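Residue numbers (this note's numbering), protein chains in the order written: chain D, 2 to 310; chain S, 184 to 549. Idealized CB from N, CA, C, for every residue including glycine. Quick caveat: nothing in here was measured; it's all calculated off a predicted structure. Comments concern the structure below.
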């Protein structure tokens, strides 16, 4: 089996999930300069909701093919997560928009802990097996393999990115979003309602996170109440890596981070002669991040922002 | 007028001192677990004071502060437990009685090593703006934790996730604090003795921080926090000052880490998770960024209250047939406290009195 090709495929799959979550971070950051720590938890709630919906629907309609169930559950879970993220913004971030900068960060962390705890109470703390709704026989590409789930992840990410870029670049809402990110005061003078735009950003971010969350759960076969932590952390890293606030940067950062991690975990042991095993994959991502930021302090694609005096 | 005010101030101060000195004596009658909570709160106060230098004074958001705590804890754990002599024969040849360095010897080493790590972390991150700094420090914290978790092979240094045990207790003038002290009229158990040790440390640290705050360096840090470019224009060497803030903050972390290892007698990577860093940041911000009484209040509140709750939550657990146990309730309470306190008082519970308010309405730490 071709190890490199296989790791590239795995890396792209992992990276596209990171990219979807990173987009949520970067859009929120671009508009209100806040690290939304609760974003990983939105992903987790989305995945758990869809797990519950699938569990509820499967006995009701046993003859429906898996992908229909998947789509239904994903849509419903997206709505739930979007409502949740909308509420989070309204309750925890909006009142603090003019507060000192660290205040909303602390409420975001508080929200993250709160959601995790609530999920633990509602869904119990055990690991839940996520049903494999798609066929499991893998396709062969050259000497590597790709499962239908992975293929779906790649396809769905591409679709989501295309829709998002249409939304941001071609629609009125997208123009309002870009204007608000540029300068909220001037945008509101031009008739843009910043509150609406910010809410819309959170809703879009939640939908992307849910898609990523359901795919994450399917890919690894489990869902649980702390599953949001790792993708959240990595996606945040990816967003910063690519240049936070920059949509293209989030995608590039996510894909690169996925590739680095997966290729790194495949070869780290060999390169270092077995001294550093694949447990060090997590470190690898951060070391790459630190090196990148030292050389390019605003990320790969981030513009150099002059500090305003 | 002034004399009555100073009088009031001094009487308050003495009342506070009396309360702090007698607190463990009252608590130890209720149960040693309560004194333990007080001990841990004091350690958290130390950590919060250290982080306050970095976040509160210099305005650099550090989300990996617990890494320095870990450095101090593991340094003492390695130098005062049987682990190294068990693993490396040549060390047990050098120290036939086992490696038992005194805490008082290790403390300066822990402070120095943690400070060095602080400067090492600070150096590549100097150019970064606020949120980039946050993620890099967060990454640094994770790197340290992953190393602690995995450095049990190929050479077993940290004993991996199992952690290091049998760490020596602190000895003060030849008396080990792990033994109960009998003063004739009163018995002082080990936890109470540690309480007094930590209290002394906290008092010293408060004095140091207070002096720092009003020193040339402290004022320079605050100038950088308010506006780095303006500070630079005034001739401050912002690079060295920021490095110094990182180093000083890390030193506090290293010291309390060594104390923590001696107090617990056991360290494992679990104690140094990202959540811990986040909690320390929350203590500093909830209490009042850059204001010593506020920071202390925040640390005590977040460290002690949830722990105390653990002992009260028993009935609730039986009421909800186990779904809501004490640990969950504690987390729930911390989360709700963080959200509501910030919404209610965005500048913290006990913020610095507003004088010379920043022109930038979004001011504060950047």
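Buried/exposed call for residue 285 of chain S, threshold 16 Cβ in 10 Å: exposed
For residue 146 of chain D, the first and last residue of its enclosing beta strand (DSSP E): 145-147
Contact residues within the segment 187-198 of chain D, judged by C-beta distance below 7 Å to chain S: Of all residues in the segment 187-198 of chain D, none has a C-beta nearer than 7 Å to a C-beta of chain S.
Within-7 Å CB hit, residue 232 of chain D to chain S: no
Between the CA atoms of residue 332 of chain S and residue 237 of chain S - distance to the nearest angstrom: 27 Å
CB contact below 7 Å: residue 287 of chain D versus chain S: yes
Chain-ordered neighbours of residue 118 of chain D on chain S, where CB pairs are closer than 7 Å: 511, 514, 515, 518
Three-state class that DSSP yields for residue 358 of chain S in the structure shown: strand
In DSSP terms, what residue 370 of chain S is bridged to: Residue 370 of chain S pairs with S:365.
Cα-Cα separation, residue 371 of chain S to residue 447 of chain S: About 18 Å.
Identity of the residue in D:5, D:35, D:3, D:11 nearest residue 245 of chain D by Cα: Closest by C-alpha distance to residue 245 of chain D, out of D:5, D:35, D:3, D:11, is D:35.
Collapsed DSSP secondary structure at residue 198 of chain D in the structure displayed: helix
Candidates D:5, D:28, D:6, D:9, of which the one nearest residue 243 of chain D by Cα: D:28
For residue 130 of chain D, the three-state DSSP class (helix, strand or coil): strand
Cβ-based neighbour list, residue 375 of chain S, same chain, cut-off 6 Å, excluding 5 preceding and 5 following: 207, 211, 218
Within 7 Å, strictly: CB atoms of residue 209 of chain D and residue 25 of chain D: yes
N- and C-terminal bounds of the beta strand (DSSP E) containing residue 141 of chain D: 140-142
Three-way DSSP call (helix, strand, coil) for residue 223 of chain D in this model: The answer is strand: DSSP assigns residue 223 of chain D an E or B state.
Where the alpha helix (DSSP H) containing residue 184 of chain D begins and where it ends: From DSSP, residue 184 of chain D is part of no alpha helix (DSSP H); its letter is neither H nor E.
Span separating the alpha-carbon of residue 301 of chain D from that of residue 156 of chain D: 25 Å
Cβ neighbours of residue 202 of chain S in the same chain (closer than 8 Å, five flanking residues each side left out): none
Enclosing alpha helix (DSSP H) for residue 409 of chain S [first to last residue]: 399-409
Residue 186 of chain D versus D:11, D:18, D:33, D:21, residue with shortest Cα-Cα distance: When each option's Cα is compared against that of residue 186 of chain D, the closest is D:33.
Partners in chain S for residue 294 of chain D, counting only beta-carbon separations shorter than 7 Å: 311, 315, 319
Contact residues within the segment 230-260 of chain D, judged by C-beta distance below 7 Å to chain S: 237, 238, 241, 245
Residues near residue 411 of chain S by beta carbon distance below 7 Å, same chain, minus five either side: 421
Straight-line Cα distance separating residue 137 of chain D from residue 228 of chain S: 54 Å
Same chain only: Cβ atoms within 7 Å of residue 401 of chain S, ignoring 5 sequence neighbours per side: Excluding the 5 residues flanking it on each side, residue 401 of chain S has same chain C-beta neighbours closer than 7 Å at 240, 395, in chain order.
DSSP three-state assignment for residue 338 of chain S, whether helix, strand or coil: coil
Contact the segment 210-219 of chain D vs the segment 43-51 of chain D: 3+ CB pairs below 8 Å: yes
Buried/exposed call for residue 235 of chain D, threshold 16 Cβ in 10 Å: buried
Proximal chain D residues relative to residue 468 of chain S, where beta-carbon distance stays under 9 Å: Within chain D, the residues near residue 468 of chain S are 101, 103, 104, 106, 107.
Beta-carbon proximity of residue 455 of chain S to residue 263 of chain S, cut-off 7 Å: no
Secondary structure of residue 353 of chain S, DSSP reduced to three states: Secondary structure of residue 353 of chain S (DSSP, three-state): coil.
Neighbour list for residue 325 of chain S in chain D, Cβ cutoff strictly below 7 Å: Under the 7 Å cutoff, chain D gives 283, 287.
Exposure of residue 60 of chain D, with buried meaning 16 or more beta-carbon neighbours within 10 Å: exposed
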